[in-house]
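Visitor:
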Amino acid sequence: MDQCFEGAVLSRRLILFDIDGTLLFPGTLARKLLDRAIEDDVGESPQLSVEDVAGYTDPVIVRNALHRLEITVDHVPNRVDAILENYLIFLRKEFPKYTEPFLYDDAVELVDCCRKKGWGVALLSGNIREGARVKLERFGVWDDFAFGVFGDDAASRSDLLWIVPEVAWDALGEAYTHTRIIIVGDTPNDARIARENGSRSLIVCRRPEWQSNIEAEQPTWLVDSLEETEKILEWMEEE
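Here the sequence shown stands for residues 24 to 262, where the numbers follow the numbering used here.
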């Protein structure tokens with residue numbers, strides 16, 4: 024049964040999807056490869072945990088790790104970029120043959136339905152652009168999104184949303200205010216960024232242990248899964 028209910032919509036929406044934990048389960052490889060790239064550069068592993076990476080941009084993850092290792096990035100201006108370049112080399116080589124990652128079926132269905140509605144569907148992710156491409160091309164869904172704003176587009180994840188209207192105009196030829204943007208994510212940071220910028224957030228709690236932290240950031244709607252597509256679409260259509 025088609026849950027998408029194609030047809031006219033009073034006003035267009037821009038739906039921004041996070042990648043890791045929202046669209047796909049990435050496994051642990053990418054985190055371990057970033058850890059390895061840092062260790063190769065500085066000679067010590069930061070032992071990155073899920074909490075160190077979830078909801079942050081890749082450059083911020085590297086900077087935080089270097090700070091924790093008491094290494095001053097300012098002394099080597101290109102150090103973060105060099106680490107991320109090595110990370111990409113590792114990722115391009117190893118991620119395509121890694122067996123743990125999978126797409127979340129509920130997210131794939133929601134993306135498809137939002138596109139059928141005629142809404143703008145794009146990516147908002149802390150991954151650097153080419154890292155996001157590697158992950159999504161593995162599953163053939165990179166081209167399902169009109170555009171993306173990524174971790175190498177701004178200094179912090181909070182700043183990424185400010186870039187979105189300009190990029191959306193270039194890609195879609197339409198002006199979107201923050202009130203017409205909905206962020207679909209899975210972390211407290213996704214909820215916080217939406218709230219601070221006057222956008223709505225749909226947060227899927229893939230990890231029950233994160234629920235209280237997500238609730239503290241006052242998501243517009245916190246769900247256990249994205250499976251109730253019809254109900255979600257009706258909510259998205261609300262003004």
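Glycine included, C-beta positions come from ideal geometry on N, C-alpha and C.
From the DSSP output, in three-state form, read off L3 for me.
Guide: One cannot answer for residue 3 here, as it falls past the ends of the chain, which runs 24 to 262.
Visitor: Can the beta-carbon of I206 be found closer than 7 Å to that of D175?
Guide: Result no, Cβ atoms of I206 and D175 do not sit closer than 7 Å.
Visitor: Output the boundary residues of the beta strand (DSSP E) element that contains F40.
Guide: From DSSP, the beta strand (DSSP E) with F40 extends over L37 to F40.
Visitor: Evaluate contact between the region 93–110 and the region 53–63, counting only Cβ atoms and requiring at least three cross-stretch pairs below 8 Å.
Guide: Taking 8 Å as the limit for Cβ pairs, the verdict is that the region 53–63 does touch the region 93–110.
Visitor: So what does DSSP say about S224, is it helix, strand or coil?
Guide: Note: S224 maps to strand in three-state DSSP.
Visitor: Give me the Cα-Cα distance between V134 and R102, rounded to the nearest whole angstrom.
Guide: Approximately 36 Å between the Cα atoms of the pair.
Visitor: Alpha helix (DSSP H) containing E208: first to last residue?
Guide: Rather than Glu, the amino acid found at residue 208 in this sequence is Gly. Taken as a continuous stretch (DSSP letters only), G208 belongs to no alpha helix (DSSP H), being part of the beta strand (DSSP E) at I204 to G208.
Visitor: For a test of the three-state rule: what should DSSP assign to L146, helix, strand or coil?
Guide: Residue state, collapsed to three classes: strand.
Visitor: To the nearest angstrom, how far is the alpha carbon of L225 from that of I84?
Guide: Using only the alpha carbons, I get a separation of about 24 Å.
Visitor: Are the region 208–222 and the region 175–184 touching by the rule of at least three beta carbon pairs closer than 8 Å?
Guide: Result yes; three or more Cβ-Cβ pairs closer than 8 Å.
Visitor: Excluding the five sequence neighbours on either side, which residues of its own chain have a C-beta within less than 7 Å of the C-beta of W192, listed in chain order?
Guide: Within the same chain, W192 has close Cβ partners A198.
Visitor: Using 10 angstroms around the beta-carbon of D128, count the other beta-carbons present and answer buried if the total reaches 16, otherwise exposed.
Guide: The residue is exposed, with fewer than 16 neighbouring Cβ atoms inside 10 Å.
Visitor: Tell me where the beta strand (DSSP E) around L245 begins and ends.
Guide: Segment W244 to V246, the beta strand (DSSP E) holding L245.
Visitor: CB G171 to CB A130, shorter than 7 Å?
Guide: No. Outside cutoff.
Visitor: In angstroms, rounded to a whole number, what distance separates the CA positions of E132 and W233?
Guide: The straight-line gap from Cα to Cα measures roughly 24 Å.
Visitor: Nearest-angstrom Cα distance between D104 and D81?
Guide: Cα-Cα distance, rounded: 10 Å.
Visitor: Which residue marks the beginning of the alpha helix (DSSP H) containing F263, and which one marks its end?
Guide: Residue 263 falls outside the range modelled here, since the chain spans only 24 to 262, and no answer is possible.
Visitor: For the alpha helix (DSSP H) containing T252, name the first residue and the last one.
Guide: T252 to E260 is the extent of the alpha helix (DSSP H) around T252.
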